[in-house]
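Each residue of the sequence shown is one higher than the one before, starting from 1 at the first, in UniProt numbering.
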Amino acid sequence: MKENKSPVISYIKSSKPSSSSHRILSQDGYLDGSVAQVQFKDRDSKSGNWQDYMLWVVITKKHEGSADTESQLIQQMQIAASRKTIFNNLNFTSIVCAFISFVIISSFIYLVLFRPADNIPEYMKNLMFTVIAFYFGRIVQDKASPREES
């Protein structure tokens, strides 16, 4: 657990350089990082006196943030959970379907451009219309079906 304390304290020190007496009150694993409640001393901006502060810190590989209240903590955790890359939505099935569709459509385009219209095989027309139907059918189905939030 010691290796997880260092990024939390480092985050507090970088966001509040004049802070001191850092103490982690609690720390739990969250996604690929941690959520910690940290107590520290910092100078008050108005009076200049040292005061005790308590912050929640959320640190993952893609997000770092702090919160003063529980509602801010929930917001920080939601932001950390919703950070996605372009590759998160890709799966093996989508890649295979895209490849097959690309091959069929490019073959169909080649046949249309370089062969007379009456020489295009009927199965190629059917394949093309099937690909288009599944594509648009999936789009309509995705928009019509309510998404379950977890």
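Even glycine gets a Cβ: it sits at the ideal position worked out from N, Cα and C.
Three or more C-beta pairs below 8 angstroms linking the segment 103-113 and the segment 123-140: yes
Just how far apart, CA to CA, sit residue 120 and residue 74? 59 angstroms
Residue 12, DSSP secondary structure in three states: helix
Provide the residue span of the alpha helix (DSSP H) that contains residue 94, from first to last. 92-114
CB-CB length for residue 55 against residue 12, believed under 8 angstroms: 7 angstroms
How would you label residue 59, buried or exposed, when you count the other beta carbons within 10 angstroms and need 16 or more for buried? buried
Please classify residue 118: does DSSP put it in a helix, a strand, or coil? helix
What does a CB cutoff of less than 6 angstroms around residue 64 pick up in its chain, not counting 5 residues either side in sequence? 11
Pull up the distance between the alpha-carbon of residue 137 and that of residue 128, whole angstroms please. 14 angstroms
Going by C-alpha distance, which of 113, 110 and 100 is nearest residue 135? 100
Limits of the beta strand (DSSP E) - the one that residue 73 falls within: Looking at the DSSP string, residue 73 is not in any beta strand (DSSP E); the run it does join, the alpha helix (DSSP H), is 70-82.
Rounded separation between residue 39 and residue 27 - CA only: 12 angstroms
Hey, residue 17 and residue 33: beta-carbon distance below 9 angstroms or not? no
Decide if residue 36 is buried, meaning its Cβ has at least 16 other Cβ atoms within 10 Å, or exposed. buried
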